[in-house]
Structures are given as C-alpha cells and as structure tokens.
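*Asks:* Here the sequence shown is numbered in UniProt numbering, starting from 1 and rising by one per residue.
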Amino acid sequence: MFSRHRKFRNALKAATGKEHNRMIVAHFLKRGEEVPIDRHDADEWIIIDKGICSVLIGNTEYDIDAGSHIFTIHIPKRTEHAFVALSDIEYFVVKEIITE
1 MFSRHRKFRN
11 ALKAATGKEH
21 NRMIVAHFLK
31 RGEEVPIDRH
41 DADEWIIIDK
51 GICSVLIGNT
61 EYDIDAGSHI
71 FTIHIPKRTE
81 HAFVALSDIE
91 YFVVKEIITE
C-alpha cells in the first residue's frame, strides 16, 4: 500500500506502473486543512512530495513525513480515506480513469 522513494520520477512510476488511462492532479493544503472521508469507484494513488500529514485508509491511520523521501500510497477502489495536513503539504493524486 505504501512505497517510499528519493526521486519523484520513481514515485510516479509506482503509481502509474501498468498502461492504463490515468489523470494526475496537484494539490496544496495549509497546516490544519483536511480532506474529509471520501471513496471512489477506481483505484487512486497519492504521492506526498512535501510536508507532514496524517492519512486514514479504511480503519488505519498513518503518520507520513515527506522530509527526505517521497511517499506513494495506493488506495484501492471503494476504500474510505481521508487526511489532515500537519504542516503545509504538497501532494499529487493519480486517478485511474474509468471508461465504459
């Protein structure tokens, strides 16, 4: 579910490994801001590039400090997730695009 990288390129490869249609969105949160509990119909990856946050995936909470490493977090489809910025944070969301 988690992988740790020293280079953004490697973090991105971890999130986009197989050939699928994916979209990347950059986000910035100030300390104390949060992303409320959410879930999606497709897999999602969060790449935390800078900052400290608390991430809730399912019923488990993780503290992430993207100081010397970049973290890639895989969130399986339909899994509830949320997070709180414990410092100013920069992160990217990689979403699988569902085509029907």
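Think of the CB as a built atom: it goes at the ideal place given N, C-alpha and C, for glycine as much as any other residue.
On the three-state DSSP scale, how would you describe residue 30?
*Replies:* Mapped onto the sequence shown, residue 30 falls at position 30. Coil.
*Asks:* Is it true that the region 21-30 meets the region 64-81, where meeting means three or more beta-carbon pairs spaced less than 8 Å apart?
*Replies:* With a cut-off of 8 Å, the region 64-81 and the region 21-30 do not count as touching, because too few Cβ pairs lie within range.
*Asks:* Can you tell me whether residue 60 is buried or exposed, with buried defined as 16 or more other CB within 10 angstroms of its CB?
*Replies:* Taking the first residue of the sequence shown as 1, we reach residue 60 at position 60. Burial call: exposed.
*Asks:* Measuring alpha carbon to alpha carbon, tell me which residue in 48, 82, 63 and 86 is nearest residue 69.
*Replies:* On the sequence shown, position 69 is the one that residue 69 refers to. Closest by alpha carbon: 48.
*Asks:* Which of the three DSSP states, helix, strand or coil, is assigned to residue 51?
*Replies:* If you number the sequence shown from 1, residue 51 lands on position 51. Strand at residue 51.
*Asks:* Nearest to residue 111 by alpha carbon, out of 83, 90 and 42?
*Replies:* Residue 111 lies beyond the residue range present for the chain, which begins at 1 and ends at 100; the question has no answer from this structure.
*Asks:* Looking at the secondary structure, which residues open and close the beta strand (DSSP E) in which residue 64 lies?
*Replies:* By 1-based counting over the sequence shown, the position of residue 64 is 64. 60-66 is the span of the beta strand (DSSP E), which, as asked, contains residue 64.
*Asks:* Short of 7 Å in beta carbon distance, which residues of its chain neighbour residue 97, apart from the five on each side in sequence? Order them along the chain.
*Replies:* Within the sequence shown, numbered from 1, the residue matching residue 97 stands at position 97. Hits under 7 Å: 21, 22 and 23.
*Asks:* Short check: CB of residue 85 to CB of residue 39, under 7 Å?
*Replies:* Here residue 85 refers to the residue found at position 85 when the sequence shown is read from its first residue. Here residue 39 refers to the residue found at position 39 when the sequence shown is read from its first residue. Not closer than 7 Å, so no.
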